[in-house]
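Quick mapping for you: the protein sequence lines, in order, are chains A and B. 1 is the number of the first residue of the first sequence in the working numbering; add one for each residue after it. 352 is the number of the first residue of the second sequence in the working numbering; add one for each residue after it.
Number of protein chains: 2
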Amino acid sequence: MPKATPPSPHSGRHASLKMLAEYLGLSPSTISFVLNETPGRSIPESTRARVKAAAAKFNYQPSMIARTLQGKRMRTIGVLLPVLGEGYHSQVLSGVGDLLMREGYFYFTVHHRHKKELISDYPNLLRTRGVDGILAIDTHLYAPLPLPAVLVAGHTELPGITNVVLDHRKAAHLALHHLYQLGHRKIAFIQGQPFSSDSDVRWTATREAAQELGIEIHEDLTVHLSIDSTSPEISYPGIRKLIQSRRPFTAVCCFNDVSAMGSIRALHEAGLHVPGDVSILGFDDIQSAAYQVPSLSTIRQPLRKMGSTAAEMLLKKLADESTPDMIQVEPELVVRESTAAPRGTRKATKK
Amino acid sequence: MPKATPPSPHSGRHASLKMLAEYLGLSPSTISFVLNETPGRSIPESTRARVKAAAAKFNYQPSMIARTLQGKRMRTIGVLLPVLGEGYHSQVLSGVGDLLMREGYFYFTVHHRHKKELISDYPNLLRTRGVDGILAIDTHLYAPLPLPAVLVAGHTELPGITNVVLDHRKAAHLALHHLYQLGHRKIAFIQGQPFSSDSDVRWTATREAAQELGIEIHEDLTVHLSIDSTSPEISYPGIRKLIQSRRPFTAVCCFNDVSAMGSIRALHEAGLHVPGDVSILGFDDIQSAAYQVPSLSTIRQPLRKMGSTAAEMLLKKLADESTPDMIQVEPELVVRESTAAPRGTRKATKK
DNA sequence: CAAGTTTAGACAAACGTTTGTCTTTTGTCC
DNA sequence: GGACAAAAGACAAACGTTTGTCTAAACTTG
Chain A
1 MPKATPPSPH
11 SGRHASLKML
21 AEYLGLSPST
31 ISFVLNETPG
41 RSIPESTRAR
51 VKAAAAKFNY
61 QPSMIARTLQ
71 GKRMRTIGVL
81 LPVLGEGYHS
91 QVLSGVGDLL
101 MREGYFYFTV
111 HHRHKKELIS
121 DYPNLLRTRG
131 VDGILAIDTH
141 LYAPLPLPAV
151 LVAGHTELPG
161 ITNVVLDHRK
171 AAHLALHHLY
181 QLGHRKIAFI
191 QGQPFSSDSD
201 VRWTATREAA
211 QELGIEIHED
221 LTVHLSIDST
231 SPEISYPGIR
241 KLIQSRRPFT
251 AVCCFNDVSA
261 MGSIRALHEA
271 GLHVPGDVSI
281 LGFDDIQSAA
291 YQVPSLSTIR
301 QPLRKMGSTA
311 AEMLLKKLAD
321 ESTPDMIQVE
331 PELVVRESTA
341 APRGTRKATK
351 K
Chain B
352 MPKATPPSPH
362 SGRHASLKML
372 AEYLGLSPST
382 ISFVLNETPG
392 RSIPESTRAR
402 VKAAAAKFNY
412 QPSMIARTLQ
422 GKRMRTIGVL
432 LPVLGEGYHS
442 QVLSGVGDLL
452 MREGYFYFTV
462 HHRHKKELIS
472 DYPNLLRTRG
482 VDGILAIDTH
492 LYAPLPLPAV
502 LVAGHTELPG
512 ITNVVLDHRK
522 AAHLALHHLY
532 QLGHRKIAFI
542 QGQPFSSDSD
552 VRWTATREAA
562 QELGIEIHED
572 LTVHLSIDST
582 SPEISYPGIR
592 KLIQSRRPFT
602 AVCCFNDVSA
612 MGSIRALHEA
622 GLHVPGDVSI
632 LGFDDIQSAA
642 YQVPSLSTIR
652 QPLRKMGSTA
662 AEMLLKKLAD
672 ESTPDMIQVE
682 PELVVRESTA
692 APRGTRKATK
702 K
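Have a look at this one:
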């Protein structure tokens, strides 16, 4: 049976400047001067010591809340992302969080599931809670933000906003060149969900790279992701259908590692071997990529770095330092077990 | 070259009660009464309409900050967890976040990497930022919190705190019984990191269950996790060493799915087949568990549910409703591909 | 029509800070 | 010992709300 919560021990109010003032026989302002080391105020060392001792004794912590009311910064950031989950967002967020905490900043996490209305509303609600700036991950913005902002994988051009993005042209080239030089020609593609902000840019870059290398992209061999999730289920049905269609392909170039995992699973169930029958190339290099069976070959994005860079830029903006409009980071090809030369390339050719 | 950020468009100050008051020729208090529908104040419909129109026109949003200064709630929670990452924490957090956002609450995420000092300090820092309550996940608390609190997988007994925990006895029994009835007798165990708050409880429960079933737990077959990470790397070296030791075992009962993935990887590299040579039983049932090759048999914790339940309890506390000291949730055995009868059980016995 | 009541709203204090100005005390210098 | 400066700190306003009290006008009622 639920027991009533006992009268909380939180009733003993917390130390305020006023209480300290009363205790010390000083005015609140004097205490504020000492604790903030406000320059230009003459206060003798003896008094300073008394004040500091009392502050320590009562574990005084100035209210950030009251402080912001004075136009000060709250040292708080709002982070906007589509969804909490494994993989991409989680890793970027981790980079953001690490840097912010290290710098003494706190942050709100807000997920919007790509709902336009929420994306518009949240920044304002965050503002009323005192955030100093906004960091948006994989989010398509519709209107200028009411606060300084930095975007990760945002492809929105808005004045005063800094974008941290991957060099998708290079990424696409790395991916296709890798498969090409292994000998793959019939390559299937997994295209990102329309609401994922990298999808368009990457698809364009992929088509360009394919053209350069003389690789054909067949609509018949293209799987379009649509499920809004961060689980491998996103690609599983698409790849199953592709297998059932019996169109030949020797490799799948995936939108991300999670969809690569779903693909491998689907191929496995169909009795196809990776990389023996089909090579799988992932994208992102999430934590578990190296530990899959087979381990994933993938295009690594420096996800944590992207997060921390974005956070760094935002803090710079808050310090009124200049920041570039765009920071491009470099992808990297990581070759593991899931890609290999297609069957027949090494032995006698089949036909 | 970095371009200077242009004078931000954030300079146009935001609507305050005072500005609205001036615009309407009313006093701030009157506007507050209308917007909050404060009972017991007589204000004619005509004025109300004027006020509401003006508020909409200027997109007025009351400052939560100023409001809390009046002793109101900020509708904000602080979430304490060891680390941002894949798996357990991510899923619980997702449940927490979903419920909180749905209820119009915002939350800070704070990771402490099990550092005692941070665990003690953060709650206070959160308080200065106006949070109404604290939700701690997988965190060992050392002192009473300055705010109402709910713990997930916290095994700290503190007055006024609600704990949301798994029924570990049942979980251990489900796990061992499953392996036992498949025919496993030589079972290796992966024990959680000492700083992980479920480790002790689960280990105790595991030993009890083993005794009941007559299963022996050999120290030689026990891997002790120690790496502070959420990647499969945590179990990989331990399992490698176990394999090299050449002590026979037919199954591994893992601390979590992530360590199960690392185990499978290590076995795979040693040329051992799962479940043919060794069965692997995970714990948690994280998103990707079903999509591994082989897919993971595991003990499911309702992680998202645990998160949302905890959040719900915290909001209840804030509403001064009574809450139980403990809520136990039920584990569930999920049988997939990674467990099977040990070799020799079905065919002629080996020896 | 005077007295009382309701209506519509203003006014002021408070929350916990910061910061500009003012006052009192002490010390220095000639 | 008087003039002045410096030192030490008090005082008050402000930030944007909420809320308790007060007032003025407009109604009611006998």
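Even glycine gets a Cβ: it sits at the ideal position worked out from N, Cα and C. Keep in mind that this is a model prediction, so the values were computed, not measured.
CB contact check: residue i to chain A, cutoff 8 Å
i        : result
SER441/B : yes
VAL680/B : no
MET452/B : yes
SER445/B : yes
GLU663/B : no
LEU502/B : no
ILE488/B : no
Any chain B beta carbon closer than 8 Å to residue i
i        : result
HIS268/A : yes
LEU141/A : no
PRO265/A : Per the sequence presented here, residue 265/A reads as Arg, with Pro not at that position. Yes, its Cβ sits closer than 8 Å to a Cβ of chain B.
LEU281/A : no
PHE189/A : no
THR250/A : no
THR230/A : yes
THR68/A  : yes
PHE255/A : no
LEU17/A  : no
GLY183/A : no
MET261/A : yes
GLN370/A : Nothing can be reported for residue 370/A, as the shown portion of chain A is limited to 1 through 351.
LEU376/A : The displayed coordinates of chain A run from 1 to 351. Any statement about residue 376/A would go beyond what the structure contains.
TYR105/A : no
Counterpart residues of residue i in DSSP-defined beta bridges
i        : result
ALA602/B : ILE538/B, SER630/B
THR660/B : The partner list for THR660/B (beta bridge, DSSP) is empty, contrary to what the question assumes.
PHE409/B : Answer by DSSP bridge pairing: none, since PHE409/B is not bridged.
ASP635/B : ARG651/B
PHE457/B : THR427/B
ALA487/B : LEU431/B, LEU502/B
LEU517/B : VAL680/B
HIS462/B : LEU432/B
VAL685/B : THR649/B
Cβ neighbour criterion (16 or more within 10 Å) applied to residue i
i        : result
MET677/B : exposed
GLY307/A : buried
GLN442/B : buried
PRO159/A : exposed
SER297/A : buried
LYS3/A   : Bear in mind that the predicted position of LYS3/A carries a pLDDT of just 38, short of 50, making it too unreliable to give a figure here.
ASP671/B : exposed
SER577/B : exposed
GLN679/B : exposed
TYR122/A : buried
SER704/B : Given that chain B is displayed from residue 352 to residue 702, the structure contains no residue 704/B and the question cannot be resolved.
LYS18/A  : exposed
LYS668/B : buried
ASP388/A : What the structure shows of chain A is the stretch from 1 to 351, and residue 388/A is not part of that stretch, so it cannot be assessed.
SER689/B : buried
heavy atom of the ligand SAM below 7 Å from residue i C-beta
i       : result
GLU45/A : Absence of the ligand SAM from the depicted structure is noted, as is the absence of any ligand whatsoever, leaving it without description.
3 or more residues per run - each beta strand (DSSP E) lying fully within the stretch 205-239 of chain A: Listed in chain order, the beta strand (DSSP E) runs fully inside the stretch 205-239 of chain A are 222-224, counting runs of at least 3 residues.
Listed from N- to C-terminal order along the chain, which residues in the stretch 109-134 of chain A have their beta-carbon within a distance smaller than 8 Å of any beta-carbon of chain B? The residues in question are THR109, VAL110, HIS111, ASN124, LEU125, LEU126, ARG127, THR128, ARG129, GLY130.
Name, going along the chain, the residues of the stretch 293-307 of chain A whose beta-carbon falls closer than 9 Å to a beta-carbon of chain B. Of all residues in the stretch 293-307 of chain A, VAL293, PRO294, SER295 have a Cβ within less than 9 Å of some Cβ in chain B.
Give me the subset of the stretch 41-65 of chain A whose CB atoms are less than 9 Å from a CB atom of chain B, sorted by chain position. The residues in question are ASN59, GLN61, PRO62, SER63, MET64, ILE65.
Mind listing, in chain order, the continuous alpha helix (DSSP H) runs of no fewer than 4 residues lying wholly within the stretch 383-408 of chain B? As far as the stretch 383-408 of chain B is concerned, its whole alpha helix (DSSP H) runs of at least 4 residues are 396-408.
Under 9 Å (Cβ pairs) to chain B, residues found in the stretch 71-82 of chain A: Under the 9 Å Cβ criterion, the stretch 71-82 of chain A contributes MET74, ARG75, THR76, GLY78, VAL79.
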